[in-house]
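Just so we're aligned, residue 1 is where the sequence shown starts under full-length UniProt numbering, counting upward by one.
Here is the structure we will look at.
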Amino acid sequence: MVKIRLLLLFLTILVVGVVGTIAFQYARGYRLNQETLEFSPNGLFVIKSDPDAAQVFVDGTLKAATNANFPLLPGTYDISVRKDGYISWTKRLTFKAEDVTEATAHLFRIAPSLSTTTFSGVEAPLLSPDLAKLSYVVPINQNNQDAEGLWIMETLNLPLGFAREPRRITDGNLLGSSWVFSPDTREILLTTTTGVFLLDTSSFTPQSQRVNVSAQRLEILNEWEKELAKRLAAQMRKLPDEIQDILSRKASNIVFSPDKDMVSYTASGSATIPNKLIPELPGSSTQPEDRGLKSGFTYVYDIEEDRNFLIDKKEIVLLGSLHYVDEGKPINWNTLVEETKRTMSWYPTSRHLIVAEEGKITIADYDGTNRQVVYSGAYVVPHAYPTLSLDRLLILTNLGANSSPPNLYSLGIK
Numbered sequence: 001m002v003k004i005r006l007l008l009l010f011l012t013i014l015v016v017g018v019v020g021t022i023a024f025q026y027a028r029g030y031r032l033n034q035e036t037l038e039f040s041p042n043g044l045f046v047i048k049s050d051p052d053a054a055q056v057f058v059d060g061t062l063k064a065a066t067n068a069n070f071p072l073l074p075g076t077y078d079i080s081v082r083k084d085g086y087i088s089w090t091k092r093l094t095f096k097a098e099d100v101t102e103a104t105a106h107l108f109r110i111a112p113s114l115s116t117t118t119f120s121g122v123e124a125p126l127l128s129p130d131l132a133k134l135s136y137v138v139p140i141n142q143n144n145q146d147a148e149g150l151w152i153m154e155t156l157n158l159p160l161g162f163a164r165e166p167r168r169i170t171d172g173n174l175l176g177s178s179w180v181f182s183p184d185t186r187e188i189l190l191t192t193t194t195g196v197f198l199l200d201t202s203s204f205t206p207q208s209q210r211v212n213v214s215a216q217r218l219e220i221l222n223e224w225e226k227e228l229a230k231r232l233a234a235q236m237r238k239l240p241d242e243i244q245d246i247l248s249r250k251a252s253n254i255v256f257s258p259d260k261d262m263v264s265y266t267a268s269g270s271a272t273i274p275n276k277l278i279p280e281l282p283g284s285s286t287q288p289e290d291r292g293l294k295s296g297f298t299y300v301y302d303i304e305e306d307r308n309f310l311i312d313k314k315e316i317v318l319l320g321s322l323h324y325v326d327e328g329k330p331i332n333w334n335t336l337v338e339e340t341k342r343t344m345s346w347y348p349t350s351r352h353l354i355v356a357e358e359g360k361i362t363i364a365d366y367d368g369t370n371r372q373v374v375y376s377g378a379y380v381v382p383h384a385y386p387t388l389s390l391d392r393l394l395i396l397t398n399l400g401a402n403s404s405p406p407n408l409y410s411l412g413i414k
């Protein structure tokens, strides 16, 4: 009887040990190879999509529907996420044994919707550095005599998806004017043919009550430049020392992603980013990177994974990159955007970039891959702007009617 109990105890321990070992190895990605009949290590692929319920193809073979996770033998595969009515997401990924590779495919409509948000005509839109406000001028004409002036539109939707109503912060004929947001976006410094005025972005100041601060213009801008430098220095502390040094000496137009885990910049000189500034993380990106910087090229540096990606080789304005003074002279951002004709900005996911250029608007992954044209049609280049809502962009267009003034339209992409 004692022997039977000992045998049962031994068998119980053995079964629990075997089952536990199998479960542990399964969690690490080990699976039975049906060809060799051996347990071999696999990589685990965790794939999500927005919207979900999309099909996941691996090398052209349907594997699952999002959101899903499944094992893959170590190797390189072409992954495609597809859903009716949406542009397919495609990327070549490399999987390593016992590593978990995660990906989120943001799918955008094949046929985006357009709905007007302004009706009185819009000139010279300018986005705030925090992406939360879009400023613009409404010109004087016979149809909007009570609407002329400088306006602010909040880019964050109200609950239930309703857009916020634009508000006017000053009136008057402001065509040909220029302005710039303060670092905290609470103020705007407006320069007109009659003077320079400091305006509160949260309230209306009639032109009769505007105070001319022309004598303090450079003083105000220099103070804002110092405040901007403090904010940038605080953000830069998260970067490895070597990256801080390179960005401070060899980069311009530095813009951090909304979550501060990525930084986009344009190289102003040649440099090489040293390898392995931080230990490699499991499941890190396997996309090709470029650590040799070339002047005029635009890059994104992934702070968490220490990877640097080439994004663009042409001249481009990075929205959110704000400077006030260059060689003692005020910078006119309205003119800079108009002359460049190409802009790039962060999409609110912090993992995508919006590129606005002639004839199209593209959203790309932060590593430069998976470039999806979300809009191709008539619009005033390069006036396409992100909002703090994932479902829409704002674009300036007259829909091809050249006799009509352009207005801001909400471009529904989700």
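Just so you know, even glycine gets a beta-carbon here, dropped at the ideal spot from N, CA and C.
Should residue i be labelled buried (16 or more other beta-carbon atoms within 10 Å of its own) or exposed?
i, result
"Ser210", "Correcting the residue type first, residue 210 is Arg in the shown sequence and not Ser. Burial call: buried."
"Lys276", "exposed"
"Glu289", "buried"
"Ser208", "exposed"
"Glu148", "buried"
"Leu212", "Rather than Leu, the amino acid found at residue 212 in this sequence is Asn. Classification of Asn212: exposed, given that the 10 Å Cβ count is below 16."
"Asp245", "exposed"
"Ala119", "Residue 119 is actually Phe in this sequence, not Ala. By the neighbour-count rule (16 or more Cβ atoms within 10 Å), Phe119 is not buried but exposed."
"Leu32", "Reliability of the predicted coordinates at Leu32 is poor, the pLDDT of 48 falling under 50, and no value is obtained from them."
"Ser403", "exposed"
"Ser128", "buried"
"Pro348", "buried"
"Pro279", "exposed"
"Leu37", "Caution applies to Leu37, whose pLDDT of 48 falls short of 50 and renders its modelled position unreliable; the value that the coordinates give is listed next. So Leu37 ends up on the exposed side."
"Ala233", "exposed"
"Ile354", "buried"
"Lys314", "exposed"
"Ile395", "buried"
"Val381", "buried"
"Ile110", "exposed"
"Pro282", "exposed"
"Val180", "buried"
"Ser203", "exposed"
"Thr66", "buried"
"Asn334", "buried"
Measuring alpha carbon to alpha carbon, tell me which residue in the options is nearest residue i.
i, options, result
"Ser80", "Phe70, Leu93, Pro71", "Leu93"
"Asn253", "Leu394, Thr155, Asp326", "Asp326"
"Tyr299", "Thr369, Ala233, Tyr324, Ser284", "Thr369"
"Glu123", "Phe108, Pro139, Ser113", "Pro139"
"Leu221", "Gln207, Thr191, Glu358", "Thr191"
"Phe70", "Thr90, Ala271, Ala103, Ile87", "Ala103"
"Glu358", "Thr349, Gly377, Arg371", "Gly377"
"Phe256", "Gly283, Ser321, Leu281, Arg291", "Ser321"
"Gly400", "Tyr409, Tyr379, Ala384", "Tyr379"
"Pro330", "Leu189, Ser403, Asn42", "Leu189"
"Thr90", "Leu126, Val100, Ile47, Leu114", "Ile47"
"Leu247", "Ala271, Trp224, Lys230, Thr116", "Ala271"
"Ile87", "Pro386, Ile363, Gln216, Gln235", "Ile363"
"Thr193", "Thr205, Asp184, Leu174", "Leu174"
"Val263", "Ala233, Ser203, Ile303", "Ile303"
"Lys226", "Tyr324, Gly292, Leu114, Leu239", "Tyr324"
"Tyr409", "Met153, Thr76, Val56", "Met153"
"Asp367", "Arg342, Lys360, Val337, Asp312", "Asp312"
"Asn398", "His106, Gly75, Leu114", "Leu114"
"Lys96", "Gly75, Arg237, Lys260", "Gly75"
"Trp346", "Thr286, Pro183, Val317", "Val317"
"residue 449", "Arg168, His352, Arg164, Lys238", "Absent from the structure is residue 449, since the part of the chain shown begins at 1 and ends at 414."
"Ala53", "Gly60, Lys260, Lys230, Arg82", "Arg82"
"Gln372", "Gly60, Pro51, Ala105", "Ala105"
Per DSSP, which one or two residues make a beta bridge with residue i?
i, result
"His352", "Asp365"
"Gln372", "Ile363"
"Phe181", "Ile188"
"Tyr301", "Val263, Asn308"
"Ile395", "Ala384, Tyr409"
"residue 461", "For the chain, the structure presents residues 1 to 414; residue 461 sits outside this window and is missing."
"Glu357", "Lys360"
"Arg167", "Ile152"
"Thr343", "Val317, Ala356"
"Ala271", "Leu293"
"Pro330", "Val325"
"Tyr379", "Tyr379 is not bridged to any residue."
"Ser80", "Phe57, Thr90"
Tell me, to the nearest whole angstrom, how far the beta carbon of residue i is from that of residue j; I am working on the premise that it is less than 8 Å.
i, j, result
"Ser135", "Leu150", "6 Å"
"Pro125", "His383", "5 Å"
"Glu187", "Asp200", "6 Å"
"Pro112", "Leu411", "5 Å"
"Asn407", "Thr116", "6 Å"
"Leu72", "Gly43", "5 Å"
> Which runs of the alpha helix (DSSP H) fall wholly inside the segment 213-267 and span at least 4 residues, in chain order?
Replying inline: 217-236, 241-250
>> Give the list of continuous alpha helix (DSSP H) stretches no shorter than 4 residues that lie fully inside the segment 85-165.
In response: none
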